[in-house]
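Colleague:
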Amino acid sequence: MRVSSVMRAFATDAKDSKGTGGQEPAANDKKPLSELPRGNFSLDIDTTSVLDKGALEAPKDGEGRPRTNAKARGQGTTSAEKSRGFMMRAMLIGSCFVGAYMVWTLGRDFDEHEHEIFHDKDNINSFIGRLMLRIQAMRETVDKPVWDKLLPDPLPFPYSRPYTLVVDLDQLLVASSWDTANGWRTAKRPGLDYFLGYLSQWYEIVLFTSQPFYAVDKMLEKLDPDRRYFAYQLFRESCRQNGGKLVKDISHLNRDPRKVIILDINPEHAALQPENAIIMDPWKGNKDDRELLALVPFLDAIGIYGVEDVRTTLKVYEGKHITTEHAKSEAMLKKRHEEEWQARKQRLGGLSSLFGSVSTGHSTKEPPKTLLETERARFHQGYLEDMRFWKENGEKLRKEMLEEQEKQLQQMKMNAWDGVARIFGGGAGTPPPPQEEPARA
Numbered sequence: 001m002r003v004s005s006v007m008r009a010f011a012t013d014a015k016d017s018k019g020t021g022g023q024e025p026a027a028n029d030k031k032p033l034s035e036l037p038r039g040n041f042s043l044d045i046d047t048t049s050v051l052d053k054g055a056l057e058a059p060k061d062g063e064g065r066p067r068t069n070a071k072a073r074g075q076g077t078t079s080a081e082k083s084r085g086f087m088m089r090a091m092l093i094g095s096c097f098v099g100a101y102m103v104w105t106l107g108r109d110f111d112e113h114e115h116e117i118f119h120d121k122d123n124i125n126s127f128i129g130r131l132m133l134r135i136q137a138m139r140e141t142v143d144k145p146v147w148d149k150l151l152p153d154p155l156p157f158p159y160s161r162p163y164t165l166v167v168d169l170d171q172l173l174v175a176s177s178w179d180t181a182n183g184w185r186t187a188k189r190p191g192l193d194y195f196l197g198y199l200s201q202w203y204e205i206v207l208f209t210s211q212p213f214y215a216v217d218k219m220l221e222k223l224d225p226d227r228r229y230f231a232y233q234l235f236r237e238s239c240r241q242n243g244g245k246l247v248k249d250i251s252h253l254n255r256d257p258r259k260v261i262i263l264d265i266n267p268e269h270a271a272l273q274p275e276n277a278i279i280m281d282p283w284k285g286n287k288d289d290r291e292l293l294a295l296v297p298f299l300d301a302i303g304i305y306g307v308e309d310v311r312t313t314l315k316v317y318e319g320k321h322i323t324t325e326h327a328k329s330e331a332m333l334k335k336r337h338e339e340e341w342q343a344r345k346q347r348l349g350g351l352s353s354l355f356g357s358v359s360t361g362h363s364t365k366e367p368p369k370t371l372l373e374t375e376r377a378r379f380h381q382g383y384l385e386d387m388r389f390w391k392e393n394g395e396k397l398r399k400e401m402l403e404e405q406e407k408q409l410q411q412m413k414m415n416a417w418d419g420v421a422r423i424f425g426g427g428a429g430t431p432p433p434p435q436e437e438p439a440r441a
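Numbering (full-length UniProt numbering), first residue to last: 1 to 441.
1) Say whether the region 322-333 touches the region 291-304, bearing in mind that this needs 3 or more beta-carbon pairs closer than 8 Å, one atom from each stretch.
2) Out of GLY94, LYS218 and SER176, point me to the one whose CA is closest to ARG185's CA.
3) Just to confirm the assignment, what range does the alpha helix (DSSP H) spanning GLU221 have?
4) Rounding to the nearest angstrom, what Cα-Cα distance links GLY129 and ASP109 in this structure?
5) Would you identify the three-state DSSP class for SER251, choosing helix, strand or coil?
6) Just confirm the distance between the C-beta atoms of TRP283 and ARG189, as a whole number of angstroms; I'd bet it's less than 8 Å.
7) So what does TYR203 bridge to, in DSSP terms?
8) If we ignore side chains and look at the alpha-carbon of each, how far apart do ASN125 and PHE86 end up?
9) For GLY361 and TRP202, I'd like the C-alpha separation in whole angstroms.
10) For ASN266, is the classification buried or exposed, using 16 other Cβ atoms within 10 angstroms of its Cβ as the cut-off for buried?
11) Quick one: Cα of GLY394 to Cα of SER329, how far?
12) Check for me: the alpha helix (DSSP H) holding LEU299 runs from which residue to which?
13) Count the C-beta pairs between the region 218-230 and the region 249-261 that are closer than 8 Å, then say yes if the count reaches three, no if not.
14) In or out: CYS96 buried (at least 16 other Cβ within 10 Å) or exposed?
15) Check LEU246 in the structure and name its three-state DSSP category.
16) So, LEU397 versus ARG255, is the Cβ gap smaller than 8 Å?
17) Under 8 Å by Cβ, that's how I've got LEU172 and ASP264 pegged, so tell me the actual separation to the nearest angstrom.
18) Output yes or no for whether 8 Å exceeds the beta carbon distance between GLU234 and VAL206.
19) Any idea if residue 449 is buried or exposed, counting beta-carbon neighbours within 10 angstroms, 16 or more meaning buried?
20) Comparing alpha-carbon positions, which option in ALA270, MET332, GLU400 and GLU340 lies nearest residue 494?
21) Sorted by chain position, which residues of the same chain lie with C-beta nearer than 7 Å to ARG236's C-beta, five sequence neighbours on each side aside?
22) Under a Cβ-count criterion, where at least 16 other Cβ atoms within 10 Å of its own Cβ denotes burial, should residue 453 be classed as buried or exposed?
23) Give the DSSP-derived three-state secondary structure of residue 443 in the structure shown.
24) Assign LYS218 to buried or exposed, taking buried as 16 or more other Cβ atoms, counted over all protein chains shown, within 10 Å of its Cβ.
25) Keeping to the same chain, check which residues put their C-beta closer than 6 Å to that of PHE208; ignore five residues upstream and five downstream.
26) Just checking my contact of GLU268 with LYS287 at CB under 8 Å: how many whole Å lie between their CB atoms?
27) Give the DSSP-derived three-state secondary structure of GLY382 in the structure shown.
28) Answer yes or no: do ALA301 and LEU409 have a C-beta to C-beta separation smaller than 8 Å?
29) Using a Cβ-Cβ cut-off of 7 Å (strictly less than) and excluding sequence neighbours within five positions of LYS121, which residues of its own chain qualify?
30) Given TYR198, which residues of its chain have a CB within under 6 Å of its CB, disregarding the five upstream and five downstream residues?
31) Shortest alpha-carbon distance to ASN242 belongs to which of HIS337, GLU406 and LEU272?
32) Could you pull the start and end residues of the beta strand (DSSP E) that ALA331 belongs to?
33) Using alpha carbons as the reference points, say which of ALA327, PRO367 and HIS326 lies closest to ARG344.
34) Assuming ILE278 and LEU314 form a contact by the criterion Cβ under 8 Å, report the distance between their Cβ atoms to the nearest whole angstrom.
35) For the alpha helix (DSSP H) that ARG311 lies in, which residues bound it at each end?
36) In or out: ILE423 buried (at least 16 other Cβ within 10 Å) or exposed?
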């Protein structure tokens with residue numbers, strides 16, 4: 001092997017050095033590497049294949065000068081390069097003209113309509129001021145929802161509701177989890193059906209989520225298959241941007257803000273109208289959760305008492321746990337009601353039992369129910385009747401709704417086909433089917 005040959009060569013050199021008395025050769029006795037004998041060396045590199053100096057030199061032109069790949073100054077460019085350069089200069093000049101025109105357009109004088117919008121702003125008489133006002137208006141237009149009115153006008157009585165409850169979806173009504181065994185699973189919050197069904201007697205319930213429609217469509221079909229609870233559904237495109245964050249702006253709901261309550265888990269969603277918001281803790285899927293049901297007495301009390309402005313009521317509970325504080329308030333009112341009843345009973349003496357039983361129908365041994373308790377019992381009975389009606393007739397109504405949807409879809413297809421026939425056929429489209437004549441006697 002070549003390695004052993006090299007080792008033997010080094011051993012031979014070592015013996016020669018010992019033969020000279022073990023003295024190292026002087027510095028002047030050292031020879032260049034090129035003059036060393038090669039007979040005892042066997043190298044892996046074939047040194048005979050190394051290129052000579054002439055092979056490494058650059059080629060020369062006709063005049064004997066070295067030739068490089070660089071173009072000489074003044075050498076002509078190709079037509080493609082000339083065309084490319086011309087296009088770049090034309091685009092640059094065109095961009096300058098377009099930019100100058102846009103700046104002039106944004107800074108020009110206001111027309112009559114714009115003057116009505118910006119008449120109370122500063123610097124409307126300066127070019128820069130008008131430019132900045134128009135740019136700010138354009139940014140606000142981009143940040144606003146897709147539609148100026150997110151909901152249609154309220155329904156007429158008796159189909160309308162006096163209040164609007166805007167509810168979020170994820171971690172408020174449902175909770176989703178994922179694992180390797182089952183994938184994605186979604187749980188419905190305990191008491192959700194009662195919460196939606198009972199409160200829908202006072203509230204127009206609007207589902208407003210920051211998620212896109214395609215992400216929650218299937219989930220909503222399971223939550224409210226008959227469209228009984230959610231009057232309307234709003235999604236991500238109905239939100240607006242505020243400081244780079246998604247916000248649910250209820251000023252675009254087309255509803256009186258004095259009658260709107262936002263129920264959410266993220267305070268940023270209600271950043272523009274925090275006085276209308278109830279912020280709850282996120283629900284993580286706990287089966288023993290009762291926070292949503294505990295909020296029902298507060299919300300139905302607003303409907304029963306007919307609160308004129310919900311913002312004043314929410315202001316009272318600002319920074320407090322609403323369900324706990326409202327329960328204390330109800331207990332105090334009930335206690336005061338019982339004390340007034342006891343005082344009235346003692347003042348009237350024996351006549352109170354006679355007139356009390358005849359006029360109110362209640363036993364004198366216990367105080368009568370408060371207005372809140374009486375109305376709750378009445379509306380709870382209405383909820384039970386509604387549930388009973390859907391249990392008995394729900395299947396029939398669903399079938400009728402499905403048939404109506406299929407009929408409308410078929411009619412849409414016929415209208416589309418008739419339009420295509422009119423365009424390409426030049427005729428009057430498909431004629432309606434002939435009516436059958438009644439049989440003659």
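Every residue, glycine too, gets a C-beta built ideally from N, C-alpha and C. Note that the coordinates shown come from a computational prediction; the quantities given were computed from them, not determined experimentally.
Modeller: Checking against the coordinates, here is how it stands:
1) In the pairwise beta carbon analysis, the region 322-333 is classified as touching the region 291-304: at least three pairs are separated by under 8 Å.
2) What you label residue 185 is simply residue 185 of the sequence shown in a count that begins at 1. Taking only the C-alpha atoms, the option nearest ARG185 is SER176.
3) As a working note, residue 221 is residue 221 in the sequence shown. Segment 213-223, the alpha helix (DSSP H) holding GLU221.
4) Numbered from its first residue, the sequence shown carries residue 129 at position 129. Numbered from its first residue, the sequence shown carries residue 109 at position 109. Near 10 Å, if we compare the C-alpha coordinates of ASP109 and GLY129.
5) For the purposes of this step, residue 251 is identified with residue 251 of the sequence shown, where counting begins at 1. For SER251, the secondary structure class from DSSP, reduced to helix, strand or coil, is helix.
6) Here the question's residue 283 lines up with position 283 in the sequence shown. Here the question's residue 189 lines up with position 189 in the sequence shown. About 6 Å separates the beta carbons of TRP283 and ARG189, which is inside the 8 Å limit, making them a contact pair.
7) On the sequence shown, residue 203 is found 203 positions in, with the first residue counted as 1. Beta-bridge pairing links TYR203 to TYR163.
8) What you label residue 125 is simply residue 125 of the sequence shown in a count that begins at 1. What you label residue 86 is simply residue 86 of the sequence shown in a count that begins at 1. Taking the straight line joining both Cα atoms gives about 41 Å.
9) For the purposes of this step, residue 361 is taken as residue 361 along the sequence shown, with counting starting at 1. For the purposes of this step, residue 202 is taken as residue 202 along the sequence shown, with counting starting at 1. Confidence in GLY361 is poor, its pLDDT being 49 and thus under 50, which makes the residue's placement unreliable; the coordinate value appears in the next sentence. If you take the alpha carbons of GLY361 and TRP202, they lie about 28 Å apart.
10) Position 266 of the sequence shown, counted from the start, is the residue given in the question as residue 266. ASN266 is buried by the Cβ-count criterion.
11) By one-based count along the sequence shown, residue 394 stands at place 394. By one-based count along the sequence shown, residue 329 stands at place 329. So the alpha carbons of these two residues sit roughly 40 Å apart.
12) Here the question's residue 299 lines up with position 299 in the sequence shown. For LEU299, the enclosing alpha helix (DSSP H) has its first and last residue at 296-305.
13) Using a C-beta cut-off of 8 Å, the region 218-230 makes no contact with the region 249-261, since fewer than three inter-stretch Cβ pairs fall below that distance.
14) Taking the sequence shown and counting its residues from 1, one reaches residue 96 at position 96. So CYS96 counts as exposed.
15) As a working note, residue 246 is residue 246 in the sequence shown. DSSP places LEU246 in strand when its eight states are reduced to three.
16) Taking the first residue of the sequence shown as position 1, residue 397 is located at position 397. Taking the first residue of the sequence shown as position 1, residue 255 is located at position 255. Their beta carbons are not under 8 Å apart, which means LEU397 does not touch ARG255 by this criterion.
17) Taking the sequence shown and counting its residues from 1, one reaches residue 172 at position 172. Taking the sequence shown and counting its residues from 1, one reaches residue 264 at position 264. Beta-carbon to beta-carbon, LEU172 and ASP264 are separated by about 7 Å, close enough to satisfy the 8 Å threshold.
18) As a working note, residue 234 is residue 234 in the sequence shown. As a working note, residue 206 is residue 206 in the sequence shown. Checking the displayed sequence, the identity of residue 234 turns out to be Leu instead of Glu. Yes, they are a contact pair.
19) Residue 449 lies beyond the stretch modelled for the chain, which goes from 1 to 441, so this question has no answer here.
20) Look at the range of the chain in this structure, 1 to 441, and you will see that residue 494 is not part of it.
21) Here residue 236 refers to the residue found at position 236 of the sequence shown. Listed in chain order, the non-local C-beta contacts of ARG236 below 7 Å within the same chain comprise SER210, GLN211 and PRO212, local neighbours out to five positions each way being set aside.
22) In this structure the chain extends from 1 to 441, so residue 453 is not present and cannot be described.
23) One cannot answer for residue 443 here, as it falls past the ends of the chain, which runs 1 to 441.
24) Position 218 of the sequence shown, counting from 1, holds the residue named residue 218. Counting other Cβ atoms within 10 Å of its Cβ, LYS218 stays below 16 and is therefore classed as exposed.
25) Taking the first residue of the sequence shown as 1, we reach residue 208 at position 208. Result list for PHE208: VAL166, LEU234 and LYS248, in chain order.
26) One-based indexing of the sequence shown puts residue 268 at position 268. One-based indexing of the sequence shown puts residue 287 at position 287. GLU268 to LYS287, Cβ: 29 Å. No contact.
27) Here the question's residue 382 lines up with position 382 in the sequence shown. Secondary structure of GLY382 (DSSP, three-state): helix.
28) Along the sequence shown, read from residue 1 onward, the residue named residue 301 stands at position 301. Along the sequence shown, read from residue 1 onward, the residue named residue 409 stands at position 409. No. Outside cutoff.
29) Here residue 121 is taken as the residue at index 121 of the sequence shown, counted from 1. Hits under 7 Å: LEU133.
30) For the purposes of this step, residue 198 is taken as residue 198 along the sequence shown, with counting starting at 1. Taking TYR198 as the centre and dropping the five residues before and after it, the same chain places the C-beta of TYR383 closer than 6 Å to its C-beta, in chain order.
31) Stepping through the sequence shown from its first residue, residue 242 is reached at position 242. Sorting HIS337, GLU406 and LEU272 by C-alpha distance to the C-alpha of ASN242 places LEU272 at the top.
32) Against the sequence shown, residue 331 aligns to sequence position 331. ALA331 -> not in any beta strand (DSSP E); alpha helix (DSSP H) instead, spanning 322-348.
33) The sequence position of residue 344 within the sequence shown is 344, counting from 1. Ranking ALA327, PRO367 and HIS326 by Cα distance to ARG344 puts PRO367 first.
34) Locating residue 278 in the sequence shown gives position 278, where the first residue counts as 1. Locating residue 314 in the sequence shown gives position 314, where the first residue counts as 1. Contact holds; Cβ gap of about 7 Å.
35) Mapped onto the sequence shown, residue 311 falls at position 311. Per DSSP, ARG311 belongs to the alpha helix (DSSP H) from 310-316.
36) The sequence position of residue 423 within the sequence shown is 423, counting from 1. Exposed.
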